[in-house]
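Position one of the sequence shown corresponds to residue 1 (full-length UniProt numbering), numbered consecutively onward. Beta carbons are placed, not taken as given, at the ideal position from N, Cα and C, and that holds for glycine. This one's a predicted model, so the numbers in the text were calculated from it and none came from an experiment. Here's the structure we're looking at; comments come further down.
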Amino acid sequence: MLWHPSCVPSSQENINHPCHPSHPLELLPKGPPNYSDGKCSLCQRKLSYNIYHCKLCDFSVDASCANNPPPLTVDHPKCHDHALTLFGRNVSFTCNACGTHGERNPYVCLPCSLMFHYDCIDLPHVININRHDHRMRHVPRLSPGNWVCEICRQDINWRYGAYSCNKCPYFFVHSRCATRKDVWDGIELEGIPEEVVDVAPFKVIEEGVINHFSHEKHNLFLIEDVFIDGAEDIHCEACARPISFEKHYNCMECKFMLHEQCANLPLQKRHGLSTSILSLCLGKYDDDDDAEMLICAACERGGSGFRYKDGEGLILDVHCASLSWFRHRKIHPHTLFLTTLDRGTCLACDKSNTYLLSCVECEYHFDFKCATLPVVIKHKCDAHFLFLRSGEKAAGKYWCEICETETNPEKWFYTCDECGVVCHIDCVVGDSLNIKPGFRCIARGTRIEAILNDHNSRPKCVGCGFRCRFPMVYKASGNNIEGYFCAILCISKHMGTRLSSYLKTLLERNTFD
1 MLWHPSCVPS SQENINHPCH PSHPLELLPK GPPNYSDGKC SLCQRKLSYN IYHCKLCDFS
61 VDASCANNPP PLTVDHPKCH DHALTLFGRN VSFTCNACGT HGERNPYVCL PCSLMFHYDC
121 IDLPHVININ RHDHRMRHVP RLSPGNWVCE ICRQDINWRY GAYSCNKCPY FFVHSRCATR
181 KDVWDGIELE GIPEEVVDVA PFKVIEEGVI NHFSHEKHNL FLIEDVFIDG AEDIHCEACA
241 RPISFEKHYN CMECKFMLHE QCANLPLQKR HGLSTSILSL CLGKYDDDDD AEMLICAACE
301 RGGSGFRYKD GEGLILDVHC ASLSWFRHRK IHPHTLFLTT LDRGTCLACD KSNTYLLSCV
361 ECEYHFDFKC ATLPVVIKHK CDAHFLFLRS GEKAAGKYWC EICETETNPE KWFYTCDECG
421 VVCHIDCVVG DSLNIKPGFR CIARGTRIEA ILNDHNSRPK CVGCGFRCRF PMVYKASGNN
481 IEGYFCAILC ISKHMGTRLS SYLKTLLERN TFD
């Protein structure tokens with residue numbers, strides 16, 4: 001029989017344990033008795049074989065806690081100014097450091113009438129979390145008020161310890177939420193000077209004129225309150241989406257353009273999907289003629305614009321990197337948040353195993369791909385703007401204006417509020433929502449270029465044989481392939497093993513009927 005060193009029973013007989021001095025503990029080789037809760041009374045881990053147990057008190061410890069008992073006193077705890085003493089009893093309490101319930105063996109300060117979990121004694125004082133750009137400090141209590149945790153979105157009891165931001169007066173986080181492995185990087189920052197990092201992406205030349213880091217050779221000037229007709233041809237370099245009625249920066253000497261919002265994207269930021277700092281990158285090869293397609297880890301779309309990267313290989317497009325909550329009353333009455341990294345099924349598109357934004361009021365979920373859809377979009381099928389709408393029950397049938405097939409009115413769709421036109425989301429945005437016209441890449445000797453599908457007659461797809469209905473098509477040339485493809489999926493199926501790795505990944509993650 002093999003044992004971990006810490007799991008070897010310290011004795012084959014009864015032992016006296018400092019955390020339970022009133023009675024000796026009996027060795028039970030077969031594990032805990034049926035009436036036990038099956039957990040170690042000290043570390044709360046699940047018990048298996050070779051445990052020590054007191055039948056009178058229903059007190060159990062595993063071999064590790066029997067061999068290495070917690071200290072009876074802690075002289076300099078991080079959570080409190082006074083020494084703490086282990087109270088080895090089965091007693092119900094609320095931990096003053098984290099505000100959560102405890103059942104056994106608190107560490108107590110009798111003069112202050114405080115109790116703490118053993119693992120809360122050394123909670124870090126100053127940390128960075130991935131939901132906030134400022135440092136967070138643990139405080140013994142908050143100011144009186146009705147506060148909500150900025151991670152789990154549940155109420156915080158202000159009488160107990162939590163993490164607070166000194167710069168943002170109403171940003172609070174539960175102690176347990178702030179120190180989760182998917183939220184905190186594990187580094188204690190107390191005593192470490194805070195570095196001042198310049199995250200500004202541009203220099204101000206004069207009012208309304210900037211020099212952006214992505215286009216340093218020319219200055220950009222701000223254009224306000226201008227509607228650009230035929231905006232499908234004019235795309236932002238950062239997010240790759242069309243510019244129409246939004247404020248934007250225009251290059252004084254060339255066609256380089258940025259949405260005002262995209263021009264203000266910080267060079268570094270934090271996001272709930274990574275515990276590391278994300279850096280803004282352009283994502284081009286040395287040869288500007290061929291760019292690198294990104295595959296966003298959140299929405300799993302392909303893209304050609306700017307992207308954020310962390311040190312662990314995570315890549316996010318600028319839309320997902322800027323998204324930690326979603327609010328649009330015509331889609332859903334409540335705000336949705338990224339509360340955990342648990343994957344699930346999106347209720348808007350039925351895609352499974354994806355990161356979710358969640359409504360804590362009604363348990364409604366949808367994924368980053370749906371949350372980053374344009375709320376308003378222009379398409380050549382209608383003279384007006386199309387608006388994103390959530391599912392509804394309808395007596396009759398809905399038919400997509402683009403593909404002329406039936407739509408499910410209980411799922412999301414695009415519609416014109418003036419004409420009543422209804423369209424599938426995929427028919428309106430295709431798989432090229434974050435790809436700029438003119439984007440070019442090389443896939444194993446074949447040059448692929450994204451171009452607008454704006455001619456009088458739609459080209460026939462080499463891959464699927466149908467007329468291309470999406471707003472963007474892909475022109476392929478070289479390596480015995482010449483023609484148009486309506487989607488990356490069609491390119492993938494046609495080229496097979498000759499396809500480059502990032503397009504293969506996109507095929508695995510996206511499906512278009």
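- Per DSSP, the continuous beta strand (DSSP E) segment holding S358 begins and ends at T354 to S358.
- L222 is positioned such that its CB atom lies no closer than 8 angstroms to that of E253.
- Distance from E194 to R135 at the Cβ level is roughly 6 angstroms; contact confirmed, criterion being Cβ atoms closer than 8 angstroms.
- A Cβ-Cβ distance of about 5 angstroms is found for the pair G311 and S276, placing them in contact under the 8 angstroms criterion.
- For the pair T73 and L84, the CB atoms are nearer than the 8 angstroms cut-off.
- For D81, the closest of L316, A97, G208 and N130 by C-alpha to C-alpha distance is A97.
- Nearest to A487 by C-alpha distance, out of D37, C468, P18 and N479, is C468.
- Contact between H365 and L347 is confirmed by a C-beta separation of about 6 angstroms, below the 8 angstroms threshold.
- In the DSSP assignment, Q268 falls within the unbroken beta strand (DSSP E) covering Q268 to H271.
- Here the segment 167-186 does not lie against the segment 199-206, with fewer than 3 beta-carbon pairs under 8 angstroms apart.
- Taking all protein chains in view, the Cβ of I435 is crowded by 16 or more other Cβ atoms within 10 Å, so the residue is classified as buried.
- Spanning the alpha carbons of G445 and G478 requires a straight line of approximately 7 angstroms.
- Nearest in C-alpha terms to C349, of all of G391, D382, I205 and L336, is G391.
- The segment 141-151 makes no contact with the segment 59-68; the number of CB pairs closer than 8 angstroms stays below 3.
- Around the Cβ of N453, a 10 Å sphere holds 16 or more other Cβ atoms; the residue is buried.
- Boundaries of the beta strand (DSSP E) harbouring D367: H365 to D367, taken from the DSSP string.
- Counting only the Cα atoms, H20 lies some 14 angstroms from Y107.
- Look at the segment 278-336 and you find these whole runs of beta strand (DSSP E), each 3 residues long or longer: 307-309, 315-317 and 325-328.
- The C-alpha of R45 is placed about 14 angstroms away from the C-alpha of N105.
- Assigned with DSSP and collapsed to three states, A371 falls in helix.
- As for any alpha helix (DSSP H) of minimum length 4 sitting wholly inside the segment 47-129, the runs are 63-67, ordered along the chain.
- Here G102 has F93, C95 and H117 as same chain residues with Cβ atoms under 6 angstroms from its own Cβ, once five neighbours each way along the sequence are excluded.
- A residue is called buried when at least 16 other Cβ atoms come within 10 angstroms of its Cβ; N128 meets this threshold and is buried.
- Just measuring C-alpha positions, the residue of K380, D367, I331 and L338 sitting nearest T345 is D367.
- About 6 angstroms separates the beta carbons of I451 and K475, which is inside the 8 angstroms limit, making them a contact pair.
- About 7 angstroms separates the beta carbon of L273 from that of Y355, a gap short enough to meet the 8 angstroms contact definition.
- Distance from the CA of D58 to the CA of V360, rounded to the nearest whole angstrom, comes to 37 angstroms.
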